[in-house]
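Heads up: the structure comes next, in structure tokens.
Numbering (this note's numbering), first residue to last: 43 to 280.
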């Protein structure tokens, strides 16, 4: 059975050379309070910006709403000129990506890798990297142990223990982020991170995939970090 998935709508915008320079090299991530959008992003890629939203049931109308948000318009340079440098601007494409493991992704004479198996990281999926990494691991199992069900289910599963063991922590992080966005907690968390180095590093690593989610949660949920968030929340509501 295939892995559970999220829907994604992706589009491109070519703002021109001056617009790309104005935008800069940063990735902008958004956690809107809309219950249908889990997260969105604007990413610079060469001569254009890639804009995407993700959720259980996102559609083109929801992307229209997302692009109309003042926070989104604020980061998109000269957005009123969409289509000026490329006539294919703002064409929407729909896709899906896994948010959990496939059931029985290895068996007698077959093995799945990367997205097909759900062997990816929450948020920072690293789909290409995961496909290469797990593909190499599958090849090693085949060369050393054969293509039987026993070989794959013993050796291939253990070879991917780092991914498998971190998935529950990634799912916990995902659900916490959704809840925090719905409750308006993200701004206090980001404000607290400006003053708390451990929390700042935890948030950075959650997006950059430099460390496992288990390590991130162990550090990010320290009493000092929780206190910093609580202080930022009280200051915001006072």
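We treat Cβ as the ideally placed atom computed from N, Cα and C, and that holds for glycine.
Q | Simplified DSSP assignment, three categories, for residue 125 | A | Position 83 of the chain shown, counted from the start, is the residue given in the question as residue 125. Three-state DSSP puts residue 125 in coil, outside helix and strand.
(Q) Classify residue 66: buried if its beta carbon has 16 or more other beta carbons within 10 angstroms, exposed otherwise. (A) Taking the chain shown and counting its residues from 1, the one referred to as residue 66 is at position 24. Exposed: under 16 other Cβ atoms inside 10 Å.
Q | Option nearest residue 275 by Cα separation, candidates 60, 235 and 201 | A | Counted from its first residue, the chain shown places residue 275 at position 233. Ranking 60, 235 and 201 by Cα distance to residue 275 puts 235 first.
Q | Cβ-based neighbour list, residue 146, same chain, cut-off 8 Å, excluding 5 preceding and 5 following | A | The count along the chain shown starts at 1 and reaches residue 146 at position 104. Result list for residue 146: 43, in chain order.
**Q.** Straight-line Cα distance separating residue 176 from residue 184
**A.** For the purposes of this step, residue 184 is taken as residue 142 along the chain shown, with counting starting at 1. For the purposes of this step, residue 176 is taken as residue 134 along the chain shown, with counting starting at 1. Answer to the nearest angstrom: the Cα atoms are 12 Å apart.
Q: Less than 8 Å between the CB atoms is what I'm expecting for residue 84 and residue 95, so what's the real figure, rounded?
A: Counting from one through the chain shown, the residue named residue 84 turns up at place 42. Counting from one through the chain shown, the residue named residue 95 turns up at place 53. Incorrect: roughly 10 Å between the Cβ atoms, too far for contact.
(Q) Rounding to the nearest angstrom, what Cα-Cα distance links residue 115 and residue 124 in this structure? (A) By one-based count along the chain shown, residue 115 stands at place 73. By one-based count along the chain shown, residue 124 stands at place 82. Cα to Cα, the separation comes out at about 12 Å.
(Q) Can you tell me where the alpha helix (DSSP H) holding residue 51 begins and where it ends? (A) Counting from one through the chain shown, the residue named residue 51 turns up at place 9. Here residue 51 belongs to no alpha helix (DSSP H); instead the beta strand (DSSP E) covers 47-55.
Q) Looking at residue 208 and residue 255, is the spacing between their C-beta atoms short of 7 Å? A) If you number the chain shown from 1, residue 255 lands on position 213. If you number the chain shown from 1, residue 208 lands on position 166. Yes, the pair counts as a contact, with Cβ atoms nearer than the cut-off.
Q) From 180, 262 and 179, pick the residue whose C-alpha is nearest to that of residue 288; which is it? A) This structure cannot settle anything about residue 288, because the visible part of the chain is limited to 43 through 280.
Q | Bounding residues of the alpha helix (DSSP H) (the contiguous stretch that carries residue 58) | A | Within the chain shown, residue 58 is the residue found at index 16, counting from 1. That run of the alpha helix (DSSP H) goes 58-65.
Q. Which same chain residues, not among the five before or five after residue 242, have their C-beta less than 8 Å away from its C-beta?
A. Within the chain shown, the letter at position 200 stands for residue 242. Closer than 8 Å at the Cβ level, and outside the excluded window around residue 242, lie 235 and 236.
Q: Kindly indicate the opening and closing residues of the beta strand (DSSP E) around residue 104.
A: Within the chain shown, the letter at position 62 stands for residue 104. That residue, residue 104, is in no beta strand (DSSP E); its alpha helix (DSSP H) goes 102-110.
Q. Applying the criterion that 16 or more other CB atoms from any shown protein chain within 10 Å of the CB defines a buried residue, is residue 136 buried or exposed?
A. Walking along the chain shown from the start, residue 136 turns up at place 94. Exposed is the call here.
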